[in-house]
Amino acid sequence: MRLGMVIDLDRCIGCRSCAVACKSHNAQPPGTWWNRVFTPGSSFHQAAVGKDGGLQMEALPVSCQMCDNAPCQKVCPTGATYTDERGVVLIDYERCIGCRYCMAACPYGVRQFNWEDAKEVKARVGYEAGYEYGYPVDFRDKDGRLVFTPNRPAGVVEKCTFCAQYLAEGELPACIRGCPGKVRTFGDLDDPNSEVSKLIRKRQTVRLKEELGTSPKVYYIAPAKPIRLEVD
Amino acid sequence: MKKSNALLGLAGAIILISLIAWGYQVNNGLIVTNMRNPFSWGLYIATFAFFVGVAAGGLIVSSSVYLFNIEVLKPFTRIASLSAFASILGAGAMILPDMGRVERVWKVFLHPNFQSPLVWDVVVITAYLIITFLSVYVQLLPDWKKEGHGFLNGWTRKRSQEDINSFSKKWSKRVALVGLPVAILIHTVTALIFATQASRGWWNTAALPPDFVSVAVASGTALVLVISLLAVGKEQFEEYRGAFRTMALIVAGSLVIHFFFLSVDLIVHGWWGNSEAEEIHALIFGRYGFLYGLEILLPAFTMIFFFTEKGRSSFKALMIGSVLLFIGVFAHRMMLMFPAFNVIPLSLSLSGAGIESWAYPVALGQLREGLPVFVSSWDYSPTLVEYAVALLPFGQVLFVVTGAMKMYNFLPQKRIESPPTNEK
Amino acid sequence: MEKKSVKLTRRQFLKVSAAAGVLVGTAGTASFIHKAEAAPKEVGPNISSVRTTCSPNCTGACGMKALVEDGQIKSIIQAADYPEPEYNPRGCLKGLSMTNLIYGPDRLKTPLILKGKPGSGDFKEASWNESLDFTAGRLKEIADKYGPESIGVLFQVGGTGYVQKGAVSRLATLAGWTMHHAYDQNGDLPMFWPMTFGVQSEELEPREWLNTRYVMVFGSNILATRIPDAHFLLEARNNGAKIMVFDPNFSPTAAKADEWVPIKASSDAAVGLGMARVLIEEKLYDSEFIKTFTDLPLLVRVDNGKRLKADEVKSLVKPADIPAYREAYVAYNGQFIAVHPEKLDLPSDVMIEGDVEVSLKTGEIVNAKPAFQLLKESLADYTPEEVEKLAGIPADDLVRIAREMAGSKPLHIIYGAGNYQWYHGDLKGRALALLPVLTGNIGKPGAGISTYAGQYRIRFKVAEWWVPEGKKQNWLPFLYVLHGPTKTMKAKWPTHGIKALVIGWGNPFDQHNMANKLREMVEQEDLEFVVTTDFQMTTTCQYSHAVLPAVSWYEKTDLVATPVHPYLQLQQPAVKPIYEGQPEFWIIRELAKRLNPEFEKYFYPGLEPDQAAQKVIELLLKTGGPEVEGITLEQLQKGPVRLKSDVPGGRQIPFYDQVQHKKPFPPVSLPAKLEQTAQFVKSGRIEFYKDEDIMLQMGEALPVHKPPFEESEFALNPMAREKYQFSYVTRNAIYRVHSTHSNNVWMNELQEGKPRVWLSPKDGQEKGIKEGDAVEIFNDRGKVTAYAIIDPGVGVKQAVFEQGWWSRYTNGESYNTLTYPFIKPTHEIYFVPGMWAPNTAWNECLCDVRKVGDAL
Ligand SMILES: Nc1nc2c(c(=O)[nH]1)N[C@H]1C(S)=C(S)[C@@H](COP(=O)(O)OP(=O)(O)OC[C@H]3O[C@@H](n4cnc5c(=O)[nH]c(N)nc54)[C@H](O)[C@@H]3O)O[C@H]1N2
Ligand SMILES: Nc1nc2c(c(=O)[nH]1)N[C@H]1C(S)=C(S)[C@@H](COP(=O)(O)OP(=O)(O)OC[C@H]3O[C@@H](n4cnc5c(=O)[nH]c(N)nc54)[C@H](O)[C@@H]3O)O[C@H]1N2
Ligand code: SF4
Ligand code: SF4
Ligand code: SF4
Ligand code: SF4
Ligand code: SF4
Ligand SMILES: [Mo]
């Protein structure tokens with residue numbers, strides 16, 4: 011099983027709901043975003059790009075690309091970053107030594123460091139005393155590795171886990187469920203009958219920075235005007 | 003020796019300051035540095051690379067005595083080994099405050115991932131630490147025997163002085179033989195930490211490791227030179243003139259090789275003219291032009307200076323040349339970071355809109371009033387805390403070198419053929 | 058999947074439908090879920106999930122599921138439990154981050170009583186008893202002094218919560234206070250609807266967009282303002298429908314369209330009329346349709362511009378069975394026909410072009426022309442070349458698009474609120490309505506014209522709860538509060554004006570503070586007392602004398618329905634009220650009994666607020682009429698239930714009945730009675746010819762194009778023509794629902810927490826303004842500071858500001874200090890609250906921009 015995601019940029023409306031769903035469900039502290047959506051070429055999201063007559067405005071969501079050949083994993087000195095049996099690249103929060111080598115190695119800028127104690131950072135926002143957001147329970151993989159915890163320890167790196175805590179419950183990742191554009195499809199790339207495999211077969215897809223040989227498991231369907239049927 | 007006590011005091015103070023700063027950092031998290039997600043390595047790693055560099059140089063000097071029979075340098079092999087040992091200790095220590103979770107460092111040994119150049123580095127640095135220690139140790143053994151004190155040398159008590167002398171000679175050579183490749187390796191591997199990363203165009207070049215080695219030879223030799231100069235003092239300068247000239251030539255020569263790699267690399271980066279290379283060039287010649295200028299001009303000056311007779315024939319000239327070189331090499335280490343991190347790897351070109359390279363913004367990892375959370379470049383400059391913490395290896399090197407020299411005799415070994423001079 | 062909370066078993070309705078998981082998300086789901094290994098792991102037994110409805114003032118009404126642990130909401134995700142998978146998953150970034158508001162630093166903790174000056178933030182914390190006594194006392198004093206009608210009530214639009222808002226209406230009615238209808242207050246009332254179709258407004262449900270072949274979007278930024286429904290637009294496009302976006306600015310919606318047609322600000326009427334001219338010139342119209350359903354065959358007297366009435370004509374008698382609010386007009390097919398307003402059957406040879414002499418009962422002989430003829434004559438001015446001048450659309454494109462549009466059915470026109478919130482918004486709508494009507498695109502699947510504004514629509518009868526015992530209600534359009542009374546107003550102006558405001562669900566001190574009027578009224582003690590219920594410390598709370606902490610929709614029970622999708626849904630408490638917050642129902646009941654002990658019995662005394670709310674829901678379902686017939690509370694507790702409609706399949710297609718079954722216009726527009734709204738279209742037909750005196754005087758009998766600012770800004774101050782040349786366009790941002798979420802930390806992380814002004818590169822250059830510069834947008838009335846975004850997609854001479862910022866983010870001043878409460882006289886012909894009333898025109902505002910120093 012190789013879990014992967016297909017993001018249909020043709021349908022993406024750039025609403026950033028996926029980014030917020032991810033932030034909330036995965037208890038990301040202020041300033042930390044595992045999942046980002048920007049308008050390529052633009053200095054501000056949803057400002058037009060180009061010149062009169064040739065304007066464009068597309069949205070590109072980027073979270074961990076779940077590289078098959080993951081540089082972050084290769085460089086990790088302790089094996090804190092590893093790929094599980096479903097192809098999900100995860101971080102063991104109890105093994106990470108915070109060297110940040112993986113951040114230098116990741117070509118997608120998705121890794122986020124806990125520069126300070128997440129709990130304190132959240133408290134500074136001024137929530138009701140004692141309030142904590144995000145999925146409230148630790149999640150450990152089958153070998154007992156801590157790959158999700160609502161309050162990340164200071165000094166470790168974090169990133170998208172494909173919502174490991176939800177996958178284990180048979181639920182889809184938060185960004186998939188939270189996307190009102192129905193842009194994201196999730197499933198097993200090894201299964202030729204999965205929706206993701208079908209989409210990759212049927213539609214023209216690209217992966218980001220493919221030339222680096224990272225072999226991401228996140229595929230993008232390029233934005234394109236549809237081929238029109240004759241209007242009757 | 004009053005002077006050495008003062009120096010030891012200074013070293014102690016420096017170490018104390020840095021430890022306090024480090025303690026503060028451990029308490030508050032790395033947020034007290036000015037590193038952030040888009041710019042995740044800074045002064046610490048640059049300092050680490052600097053000390054790895056000077057460490058490598060030390061053994062290269064002492065090894066070349068044995069390997070290439072550069073006899074003039076022989077009096078300085080002890081200092082060279084000591085300098086290497088102190089520097090690698092400093093380098094090793096410098097990496098620790100950079101870890102977010104330093105108390106877990108043992109996990110590297112428990113679950114090493116041998117694919118990681120960082121693990122290779124840990125291996126070679128540990129090896130180097132042992133080797134440089136041994137190198138110092140075997141070279142000091144005869145003296146210790148003679149003077150009847152020492153460190154870990156109980157086993158020599160039963161042996162004769164001659165025995166120990168020849169043991170020292172034999173093993174010094176053996177250690178040097180192993181040491182040279184390891185010295186080159188630590189630098190190669192440290193360079194590989196960077197050079198393997200295809201995500202960072204600035205690093206990702208095969209020229210980086212050999213270039214690192216050449217810079218290491220230059221700066222490491224310069225450190226030996228400086229310590230030696232200070233050890234013998236102005237008064238005895240003339241006596242070792244030959245050795246100093248040779249060291250200056252080694253420095254200058256390796257800088258030639260460095261500049262060769264540097265220019266080849268710039269040409270290869272620039273010739274193809276892709277957008278990323280152009281961005282890098284824009285950064286090094288524009289935003290970071292000053293630092294890059296230091297990195298190029300200071301060593302270039304030293305190189306030329308040391309090739310001139312004037313440059314290598316006076317105490318002052320050699321000191322100035324070396325110090326300028328250190329600054330230049332430190333700038334070089336800092337410049338490892340700026341262009342690498344401020345060219346965001348995920349850059350896109352939008353042919354339709356005439357946009358060559360648009361950097362996909364990265365979340366800072368911090369929320370602060372008036373500061374955007376997403377940035378496509380980060381104006382990194384170390385905080386006071388970072389500077390303080392980064393003093394650690396400087397303090398250590400000073401401490402180890404001064405302390406060792408105070409306790410034991412590292413002064414130049416009199417050459418047999420040289421006429422006896424004013425004994426103390 | 059769902060886990061039921063042991064702790065929450067008391068509330069049985071918290072049971073979550075097991076179906077939810079199955080219907081989740083995209084198509085990829087099913088295949089994945091079966092392969093996902095293992096049963097739930099490590100999930101504490103105290104985690105539960107509660108389904109409720111997100112319902113701020115955005116019309117989304119998205120079903121949301123709250124993940125609750127230990128009595129706290131940890132995260133929110135789309136419920137995705139609509140029986141029609143097309144509607145799943147509804148939601149957006151704001152709904153997903155409501156936790157930041159519920160538990161955030163601006164949450165109101167206790168009742169507050171103002172100590173210092175209004176706006177000073179100097180409050181004292183008070184107990185409920187103290188604050189309620191104080192509030193009731195002040196309201197009684199004011200009612201005694203100026204009459205109860207001097208107390209104005211603002212409770213925003215009804216659909217966001219029928220129970221809690223109904224309580225406000227109930228008390229206001231009992232107490233004889235004056236109510237302000239939010240629909241026209243918000244500027245959301247598209248006045249062309251009552252003028253043309255006799256209804257408040259109508260729209261296709263978004264799923265119907267899939268049946269459309271040609272979509273023309275006039276200034277509606279669906280990708281930002283209809284986030285949960287935008288996918289339907291793209292699906293329609295990918296099914297082969299052509300999407301045309303007419304907007305002065307290259308909006309995200311324009312970016313996804315087949316074509317973006319940049320037009321000048323408020324020139325839409327010219328475009329519509331230019332296209333209508335092409336349709337008529339080239340005979341591309343559906344003559345059968347217009348003869349049957351519109352007033353275009355009806356004769357108009359050339360001498361006085363009035364429509365010819367049957368009882369004026371010598372040879373005709375007015376049919377006897379005509380209700381008072383209708384009129385029988387005349388058509389001609391060689392013979393004069395008295396047109397029965399409730400029968401849509403004219404002979405197919407009825408004359409629509411030419412003219413005819415008519416002998417009147419008075420003996421006069423007058424010339425008369427069918428409205429169609431007059432329309433054709435009037436459209437002669439809108440040649441493609443002329444429209445190019447007026448609107449900036451290339452003449453060729455205009456003709457091409459008109460032909461394309463005529464050739465593609467069904468045609469759907471989306472007329473955006475940002476576009477009709479102009480002084481002549483009504484004219485623009487009437488002009489645009491010509492396009493679907495002339496081509497027969499009304500009352501059919503995927504066809505028509507729609508407006509998707511705020512959550513205005515009452516979807517079933519609410520009177521039983523809202524209006525106790527059929528008592529009379531006082532209504533006053535809010536614009537008069539800001540503007541003062543006019544001579545021509547039909548609504549009743551309270552003798553002493555409005556002296557107190559009772560506010561809930563709104564933040565008018567930012568959102569409706571036109572020309573800073575509202576604040577001045579409080580500061581000058583014109584408004585002697587303001588009491589606000591909100592769950593957050595808004596600018597309005599800052600200007601209130603008493604602040605009563607309410608709760609969010611995750612802490613109470615309510616019933617919700619929206620125009621945007623046809624489901625009736627519950628709000629159910631996921632957690633207990635936080636701090637000292639209370640549901641409005643409770644607050645109102647407490648106020649009511651303090652105002653008059655008699656009132657208490659109207660509010661289920663003795664029942665807990667949630668229990669009482671359930672009783673109210675049962676009452677509403679029982680008395681709500683055909684739309685909710687058969688729907689029970691139990692069904693709603695299981696999940697959303699589709700409202701009933703006469704359209705096969707229960708679909709939401711406006712005028713289906715009218716067109717398919719030739720029923721007279723208008724259909725009933727709840728909550729008004731037919732006799733109130735039918736007077737708007739007395740002919741019983743779709744009306745383009747309006748012969749009310751003011752319409753004739755203003756030259757608006759037929760839809761025409763009038764340039765912006767002439768009758769508004771320049772009439773107010775002729776100097777403005779020179780001084781202020783930028784349009785102040787205030788559009789919606791994805792990060793806020795109006796001012797709600799202004800303070801949401803994640804929303805602000807996504808946009809640096811800074812208000813922005815979007816300028817064209819040309820204007821930026823002329824004004825010396827660069828990206829990121831602090832810019833002052835100003836006119837004689839006020840100013841606001843924002844940071845510049847230089848966007849090549851922004852039209853020239855526009856300062857586009859993303860509205861909704863709390864004043865705290867704009868230097869303490871409201872961005873609405875620049876706008877002005879213009880009242881258009883044609884909006885005063887009738888008065889039916891929220892249906893025919895003066896509508897606010899936010900975008901009818903001129904300004905200038907200048908760079909300021911970085912200091913802010
Ligand atoms: N995210 C979010 N969604 C919302 C809301 C919210 O606050 N936030 N509010 C809801 C409510 S209550 C409302 S009323 C709706 C409003 O939603 P919309 O009708 O979409 O209104 P706006 O965002 O004001 O403006 C939409 C577009 O109108 C264009 N426009 C302005 N003037 C003209 C003109 O004269 N002609 C043409 N052709 N275009 C023009 C603007 O450039 C802009 O692109 O949104 C609803 N949805
Ligand atoms: N210049 C300009 N001004 C505009 C607009 C524009 O485009 N330009 N848009 C206009 C439009 S279209 C509209 S619809 C209006 C909207 O104007 P408002 O409806 O006044 O704006 P909101 O910010 O939605 O205010 C809703 C308030 O209700 C509170 N609230 C939410 N839920 C509850 C609840 O359950 N109980 C209570 N008691 N309070 C609750 C929220 O915290 C928030 O403070 O703004 C109008 N103002
Ligand atoms: S939620 Fe969906 S539509 Fe919105 S930005 Fe993310 S992927 Fe795009
Ligand atoms: S995207 Fe980055 S973090 Fe994710 S697997 Fe690839 S390299 Fe690792
Ligand atoms: S920071 Fe943590 S995850 Fe990243 S490389 Fe270092 S140990 Fe591995
Ligand atoms: S899969 Fe989960 S963690 Fe990854 S981006 Fe989506 S929501 Fe975030
Ligand atoms: S804010 Fe509006 S669109 Fe967003 S989830 Fe709530 S109701 Fe839906
Ligand atoms: Mo609205």
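Chains as they are written, first to last, in my numbering: chain A, 11 to 242; chain B, 3 to 426; chain C, 58 to 913. Yeah, the Cβ is synthetic: ideal placement off N, Cα and C, and Gly gets one too. Small disclaimer: the values here were computed from a predicted structure and weren't measured.
Helix, strand or coil at residue i [DSSP, three-state]
i	result
Lys92 of chain C	Because the pLDDT of Lys92 of chain C is 35, which lies under 50, any placement of that residue in the model is unreliable, and the number read from its coordinates should be weighed accordingly. Lys92 of chain C: helix per DSSP, three-state reduction.
Cys904 of chain C	strand
Met273 of chain C	strand
Glu358 of chain B	strand
Glu870 of chain C	coil
Val621 of chain C	coil
Ile23 of chain A	coil
Lys60 of chain C	Because Lys60 of chain C carries a pLDDT of 41, less than 50, the predicted location of this residue cannot be relied on, and the following value inherits that uncertainty. Lys60 of chain C falls in the coil class under three-state DSSP.
Gln257 of chain C	coil
Asp360 of chain C	coil
Beta carbon of residue i nearer than 8 Å to that of residue j
i	j	result
Leu616 of chain C	Leu664 of chain C	no
Cys902 of chain C	Tyr877 of chain C	yes
Val85 of chain A	Asn124 of chain A	no
Met332 of chain C	Asp483 of chain C	no
Ile279 of chain C	Ala287 of chain C	yes
Glu612 of chain C	Ala224 of chain C	no
Ala845 of chain C	Val794 of chain C	no
Gly638 of chain C	Phe566 of chain C	no
Buried or exposed by the 16-neighbour rule on C-beta atoms within 10 Å, applied to residue i
i	result
His151 of chain B	exposed
Ala234 of chain A	exposed
Gln244 of chain A	Residue 244 of chain A lies beyond the stretch modelled for chain A, which goes from 11 to 242, so this question has no answer here.
Ser353 of chain B	exposed
Note to self: Using a Cβ-Cβ cutoff of 7 Å, what residues of the stretch 804-827 of chain C are near chain B? List them in chain order.
What the structure shows: Glu806, Glu809
Closer than 7 Å from C-beta to any heavy atom of ligand 6: which residues, in chain order? A:Cys28, A:Ala31, A:Cys32, A:His35, A:Asn36, A:Trp44, A:Asn45, A:Ser73, A:Cys74, A:Cys170, A:Thr171, A:Phe172, A:Cys173, A:Pro183, A:Ala184, A:Cys185, A:Ile186
Review point. Pick out every residue whose C-beta is nearer than 6 Å to a heavy atom of ligand 8: which are they, in chain order?
Key: C:Asn243, C:Asp245, C:Ala474, C:Ala510, C:Gly511
Chain-ordered residues of the stretch 374-392 of chain B with a beta carbon less than 9 Å from chain C
Pro374, Val375, Phe376
Positions along the stretch 716-747 of chain C whose CB lies within less than 8 Å of some CB in chain A
none
| Along the stretch 357-374 of chain B, what residues have a CB closer than 7 Å to any CB found in chain A? | Ile357, Trp360, Tyr362, Pro363, Val364, Ala365, Leu366, Gly367, Gln368, Leu369
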